[in-house]
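K.L.:
If you read the sequence shown in the numbering used here, its first letter stands for residue 4, the second for the next number, and so on.
Dropping a structure here in structure tokens format, bear with me for questions.
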Amino acid sequence: MENKPIARTLRLLSQLMELHDENPFKIKSLANAAFKVDKLPFPIAKKSPAEMEKIDGIGKSTAGKIVELLETGHIGEMQTLLAATPEGIVEMLGIKGIGPKKIVTIWKDLGIETVGELYYACNENRLIEAKGFGLKTQEEIAKVIEFRMASNGKFLYARVEAEANELFKKIGSLLPGAKVSFTGEYRRCSEIITELSFLVGTPDIQGAIKALTEAALFLDISENETGIKGETENKLLVRIDATAASSFYSELFKQTGTIEHVGAVTARLTGDIEQAESEEAIYEKAGLQWMPPELREGDTFIGKAAVNNLPELITYTDLKGTLHNHSTWSDGVNALEEMALYCRDQLKLEYLGMCDHSRSAFYAKGLSIERVLQQHEEIDSLNKKLNGFHIFKGIESDILNDGSLDYPDEILARFDFIVASVHSNLKMEKEKATARVIKAVENPYTTILGHPTGRLLLSRKGYDLDFKKVIDACAANSVIIEVNANPLRLDLDWRWHQYALDKGVMLSINPDAHRNEGFLDMHYGVLAARKGGLNKEMCLNAFTLEEIKKVFETKKNKVIA
Ligand SMILES: [Zn+2]
Ligand SMILES: [Zn+2]
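What follows is the structure, given as structure tokens:
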């Protein structure tokens, strides 16, 4: 074993000891030894135990640990500490800028156990007020984590968008007169992007490739006869293919859908598509309605396209209001009135559903009963002066371990609507987790099931649920399912939307905003919902103020009856 891995192991041991509040003297001497071993001009593994002890800064106890490591491959003391530490916490020790002291706060005070949760907490502004943190530390941590997430070549759609649009513009201006389009994952609005791809249609393919290469739009550019590829500064793969202008639509079709989708459409083709004048013409030759790129994932929607029955997909401008948002009453950044004015004046919406956290979410300053009543007073007085814009009294009620909601019935009855979400005990096994969620869905006060799996894309899997059972329960109890629009969540996953819609379950595109800019996430929720085939008729927050008031009233009347 070389010095480096030995030094790394000793450092990790010292960090783990600090995490578990062990003797500070021992911790310091181990950290010091780790530093020394790293700098030694000879391999320490070649020395005898007696020689090791004599090296400045090592000493008898550390030498013993190194010998144990060399002989057995691990250090017993470290195995014990590792067993008592969640994997994600150990992972955090490897992140630059967060030492063991901060990690103790993150773990013990904030209840965060994975890097993904930590990232989400940064986004929810949860670190600012924790001991030893501040806005700057929070931002630094978020940046380091984003960098780590990107290092495995996968990116959230939302983190690629700005750069993608920028590149699109540059390509267009480099090749005046050429047809340019996104293709692949990005054109399909996939939630995770592994390659950003473009197609260029031009009479001069070689000229276009030359111009694109010379413009050095990104790094490590290599070219072949049909295009160029390379990567952006943060390692996102980029590809630009060039084709003759006459075969642009045929190529666009082939490069947009998944292999499965393109295969299924191609199998139905009755003629040649090489010179097709539009994508519509290609789908027509396959006896299909034109399919929006978002739907070209597999063959799910082909049956509907064959009978001219594709849903008219929801658009951002269909949204009339926003439900499930957090203000300074719990863990949000903006005051309730600021959020209402932003929605009314900037976003031109008709209503805002406030859903601060409920009392069990202590880490997020969840509202006590007393605070709920105070918030309702504020909402009542704001509603009087907002000129027709309406704030609905909602709550994001924690689903407790046994599936019940977080307040007694007489308090639940005071809300206009209730989003029920799981925030704790995410590791429950499938059957138990399903039963817990279903119990919450069956609660007559539950209006919307919030982020059903708790997943955080690229970082936390979300718990296993029997989706069919949960969706069936929502159908039976007229509960709406949230499409959480935070680009890290997009939960309920679009792959389940059709099943829900077929059962008559409505969806709601909820930003879960914790600050005014958070409302804009509804854009990503719309993209995900389009992939799922949602139309405006089945989207709760596409309802006008009058319509949604009726939905909430009907639900409440059912409880009384
Ligand atoms: Zn939540
Ligand atoms: Zn929330």
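For glycine and all other residues, C-beta sits at the position ideal for the given N, C-alpha and C.
Go through the stretch 450-530 residue by residue and report every complete run of the alpha helix (DSSP H) that reaches 4 residues or more, in order.
P.N.:
List check, alpha helix (DSSP H) in window: 470-479, 500-505.
K.L.:
If you follow the beta strand (DSSP E) that T320 is in, where does it begin and where does it stop?
P.N.:
If you number the sequence shown from 1, residue 320 lands on position 317. No beta strand (DSSP E) holds T320; DSSP gives it neither H nor E.
K.L.:
Please work out which residues of its chain come closer than 8 Å, Cβ to Cβ, to V40, disregarding the five sequence neighbours upstream and downstream, and give them in chain order.
P.N.:
Numbered from its first residue, the sequence shown carries residue 40 at position 37. Correct list, in chain order: N6, I9, A10, L13, I47, I61, I69.
K.L.:
Could you pull out every residue in the same chain whose Cβ sits closer than 7 Å to the Cβ of V336, ignoring the five residues on either side in sequence?
P.N.:
Looking up residue 336 in the sequence shown gives position 333. Contacts found: N128, H517, R518.
K.L.:
Cβ atoms of A66 and E80: under 8 Å apart, would you say?
P.N.:
For this step, residue 80 is matched to residue 77 along the sequence shown. For this step, residue 66 is matched to residue 63 along the sequence shown. No, Cβ-Cβ distance for E80 and A66 is not below 8 Å.
K.L.:
Compute the minimum distance between the beta carbon of C358 and the heavy atoms of ligand 4, and state whether it is under 7 Å.
P.N.:
The model on display carries ligand 1 and ligand 2 but not ligand 4.
K.L.:
Report the three-state DSSP secondary structure of H393 (helix, strand or coil).
P.N.:
Position 390 of the sequence shown, counting from 1, holds the residue named residue 393. Strand, per DSSP.
K.L.:
Among L429, T437, S176, which residue has its Cα nearest to the Cα of G457?
P.N.:
Taking the sequence shown and counting its residues from 1, the one referred to as residue 457 is at position 454. Residue L429 is the option with its Cα nearest to G457.
K.L.:
Say whether the stretch 134-153 touches the stretch 169-189, bearing in mind that this needs 3 or more beta-carbon pairs closer than 8 Å, one atom from each stretch.
P.N.:
No, because fewer than three Cβ pairs between the stretch 134-153 and the stretch 169-189 fall closer than 8 Å, the two stretches do not touch.
K.L.:
Give me the Cβ distance between S3 and Y410, rounded to the nearest whole Å; I'm assuming they're in contact under 8 Å.
P.N.:
A query on residue 3 cannot be resolved here, the shown segment of the chain reaching from 4 to 564 and no further.
K.L.:
Can you tell me which residues fall inside 5 Å of ligand 2, judged by beta-carbon distance to its nearest heavy atom, and keep chain order?
P.N.:
This selection yields E399, D515.
K.L.:
Tell me whether H517, by its Cβ, gets closer than 7 Å to a heavy atom of ligand 1.
P.N.:
Along the sequence shown, read from residue 1 onward, the residue named residue 517 stands at position 514. Checking every heavy atom of ligand 1 against the Cβ of H517, none is found closer than 7 Å.
K.L.:
What did DSSP end up calling F38 once you bin it into helix, strand or coil?
P.N.:
Translated into the one-based positions of the sequence shown, residue 38 becomes position 35. Three-state DSSP puts F38 in a helix.
K.L.:
Where do the N-terminal and C-terminal ends of the beta strand (DSSP E) with S424 fall, by residue?
P.N.:
Locating residue 424 in the sequence shown gives position 421, counting from the first residue. That run of the beta strand (DSSP E) goes 420-424.
K.L.:
Report back the beta-carbon spacing between W562 and Y466 to the nearest angstrom; my notes put them in contact at under 8 Å.
P.N.:
Along the sequence shown, one-based indexing puts residue 562 at 559. Along the sequence shown, one-based indexing puts residue 466 at 463. As written in the sequence, residue 562 is Val, which differs from the Trp given in the question. That pair is no contact at about 28 Å.
K.L.:
Cα separation between M357 and L85?
P.N.:
Numbered from 1 along the sequence shown, position 354 holds the residue referred to as residue 357. Numbered from 1 along the sequence shown, position 82 holds the residue referred to as residue 85. So the two alpha carbons sit approximately 41 Å from each other.
K.L.:
Measure the alpha-carbon distance for Y286 versus T108 and round it to whole angstroms.
P.N.:
As a position in the sequence shown, residue 286 is number 283, starting the count at 1. As a position in the sequence shown, residue 108 is number 105, starting the count at 1. Distance between the alpha carbons of Y286 and T108 is about 57 Å.
K.L.:
Can you have a look at I195 and say buried or exposed, based on whether 16 or more other CB atoms are within 10 angstroms of its CB?
P.N.:
Residue mapping note: residue 195 aligns to position 192 of the sequence shown, counting from 1. Under this definition I195 is an exposed residue.
K.L.:
Quick check on the DSSP output: what are the complete beta strand (DSSP E) runs of length 3 or more inside the stretch 306-381, in order along the chain?
P.N.:
The qualifying runs are 324-328, 354-357.
K.L.:
Quick check on the DSSP output: what are the complete beta strand (DSSP E) runs of length 3 or more inside the stretch 137-169, in order along the chain?
P.N.:
Complete beta strand (DSSP E) runs here, min 3: none at all.
K.L.:
Over the uninterrupted beta strand (DSSP E) stretch that includes K182, give me the two end residues.
P.N.:
If you number the sequence shown from 1, residue 182 lands on position 179. Run containing K182: 182-186, per the beta strand (DSSP E) assignment.
K.L.:
With a threshold of 8 Å, are at least 3 pairs of Cβ atoms found where one atom belongs to the stretch 290-302 and the other to the stretch 415-425?
P.N.:
Verdict: no, contact absent.
K.L.:
Please report the distance separating the alpha-carbon of N168 from that of N487.
P.N.:
If you number the sequence shown from 1, residue 168 lands on position 165. If you number the sequence shown from 1, residue 487 lands on position 484. Roughly 24 Å between the two C-alpha positions.
K.L.:
Exposed or buried, what is T229 when buried is set at 16 or more other beta-carbons lying within 10 Å of its beta-carbon?
P.N.:
In the sequence shown, counting from the first residue as 1, residue 229 sits at position 226. Exposed, because fewer than 16 other Cβ atoms sit within 10 Å of the Cβ of T229.
K.L.:
Just the C-alpha distance for D244 and D469, rounded to the nearest angstrom, thanks.
P.N.:
Residue 244 sits at position 241 when you count from the first residue of the sequence shown. Residue 469 sits at position 466 when you count from the first residue of the sequence shown. So the alpha carbons of these two residues sit roughly 42 Å apart.
K.L.:
With a 10 Å radius around its C-beta and 16 neighbouring C-beta atoms as the bar for buried, classify M20 as buried or exposed.
P.N.:
In the sequence shown, counting from the first residue as 1, residue 20 sits at position 17. Under this definition M20 is a buried residue.
K.L.:
What are the residues that DSSP puts in a beta bridge with V203?
P.N.:
Sequence index remark: in the sequence shown, residue 203 carries index 200 (1-based). DSSP, once it has assigned bridges, lists V183, A245 as partnering V203.
K.L.:
Does the distance from the C-beta atom of R439 to that of I402 stay below 8 Å?
P.N.:
The residue you call residue 439 lines up with position 436 of the sequence shown. The residue you call residue 402 lines up with position 399 of the sequence shown. Going by C-beta atoms, R439 is nearer than 8 Å to I402.
K.L.:
So the alpha helix (DSSP H) N126 belongs to, where does it begin and stop?
P.N.:
Mapped onto the sequence shown, residue 126 falls at position 123. From DSSP, the alpha helix (DSSP H) with N126 extends over 118-126.
K.L.:
Quick one, which of I101, K559, I551 has its alpha-carbon nearest L352's?
P.N.:
For the purposes of this step, residue 352 is identified with residue 349 of the sequence shown, where counting begins at 1. The candidate whose alpha carbon is nearest that of L352 is I551.
K.L.:
Across the stretch 390-404 and the stretch 320-334, are there enough close Cβ pairs to call them in contact, namely three or more that are closer than 8 Å?
P.N.:
Cβ pair count under 8 Å is three or more, so yes.
K.L.:
Is DSSP giving I398 helix, strand or coil here?
P.N.:
Indexing the sequence shown from 1 puts residue 398 at position 395. Three-state result, I398: strand.
K.L.:
Does the separation of the CB atoms of F201 and S184 fall below 8 Å?
P.N.:
As a position in the sequence shown, residue 201 is number 198, starting the count at 1. As a position in the sequence shown, residue 184 is number 181, starting the count at 1. Taking 8 Å as the Cβ cut-off, F201 and S184 qualify as a contacting pair.
K.L.:
Based on DSSP bridge pairs, tell me the residues matched to K232.
P.N.:
The residue labelled residue 232 in the question sits at position 229 within the sequence shown. According to DSSP, K232 bridges with S225, R242.
K.L.:
Determine, using beta-carbon pairs with one atom in the stretch 317-324 and one in the stretch 528-536, whether at least three such pairs fall under 8 Å.
P.N.:
Touching, yes.
K.L.:
Taking only the alpha-carbon atoms, compute the straight-line gap between K63 and V93 and give it to the nearest angstrom.
P.N.:
Walking along the sequence shown from the start, residue 63 turns up at place 60. Walking along the sequence shown from the start, residue 93 turns up at place 90. The alpha-carbon atoms of K63 and V93 are separated by roughly 27 Å.
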